[in-house]
Amino acid sequence: MHDETTNISQLKDCVDGFTKERKWGKHHTPKNLALSIAIEAAELMEHFQWDDLQSEDKEGIQNELADVMIYCLHFANVSGIDIAHAIEKKLKKLEKKYPAELFRSGKAGSKEFWEIKKAYRAKRETDIV
Ligand SMILES: [Mg+2]
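Residue numbering for the sequence shown follows our numbering, beginning at 799 and increasing consecutively.
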């Protein structure tokens, strides 16, 4: 399998099949899966602990990233989340939070940028990003 030839639905099916074959479903509640995502993310971070340089253990990093992704895919399966739709929706929200034209124009961090951010934050109570 490779990124160029595998879609998210195929990955979700692989994770679903793997867990069903082992009858792990009863343990995989959204809460347990959310905790597992965080735990595996911490294992990924261990590769960079106390060092600003990237760890040289590429295989270990790859394994931990796979653990995070597997739990994310499984969480989406269990929670009925369409990942592509969720990402598309979130990116649209982030486009409003971080308008590209501000970054392209070099205005990031400027007074104008912070005014836009302030307006965004005021609106956030009804539309959390
Ligand atoms: Mg792990």
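Just so it is clear, CB atoms sit at the ideal spot from N, CA and C, and this is done for glycine as well.
Computed from a predicted structure; not experimentally measured.
>> Is any non-hydrogen atom of ligand 1 found closer than 8 Å to the C-beta of ASP865, if you look at the structure I gave you?
In response: With a threshold of 8 Å, the Cβ atom of ASP865 counts as near ligand 1, since some heavy atom of the ligand is closer than that.
> Applying the criterion that 16 or more other CB atoms from any shown protein chain within 10 Å of the CB defines a buried residue, is ILE837 buried or exposed?
Replying inline: By the 10 Å Cβ count, ILE837 comes out exposed.
> So, helix, strand or coil for TYR896, using DSSP?
Replying inline: Correct three-state label for TYR896: coil.
> Span of the alpha helix (DSSP H) holding MET843?
Replying inline: Here the alpha helix (DSSP H) through MET843 covers 828 to 844.
> Apart from the five residues on each side of it in sequence, which residues of its chain come closer than 7 Å, Cβ to Cβ, to ASP814?
Replying inline: Hits under 7 Å: ASN875.
> Pick from GLU899, ALA882, LYS895: whose alpha carbon is nearest that of ASN805?
Replying inline: Nearest Cα to ASN805 within the set GLU899, ALA882, LYS895: ALA882.
>> Using the Cβ count rule (16 or more neighbours within 10 Å means buried), how would you classify GLU862?
In response: It counts as buried.
> Counting pairs of Cβ atoms below 8 Å between the segment 823 to 838 and the segment 900 to 915, do you hit three or more?
Replying inline: The segment 823 to 838 is not in contact with the segment 900 to 915.
>> Could you give the first and the last residue of the continuous alpha helix (DSSP H) run that contains THR817?
In response: For THR817, the uninterrupted alpha helix (DSSP H) segment begins and ends at 806 to 819.
>> Could you check whether the Cβ of ASN861 sits closer than 8 Å to any heavy atom belonging to ligand 1?
In response: Yes.
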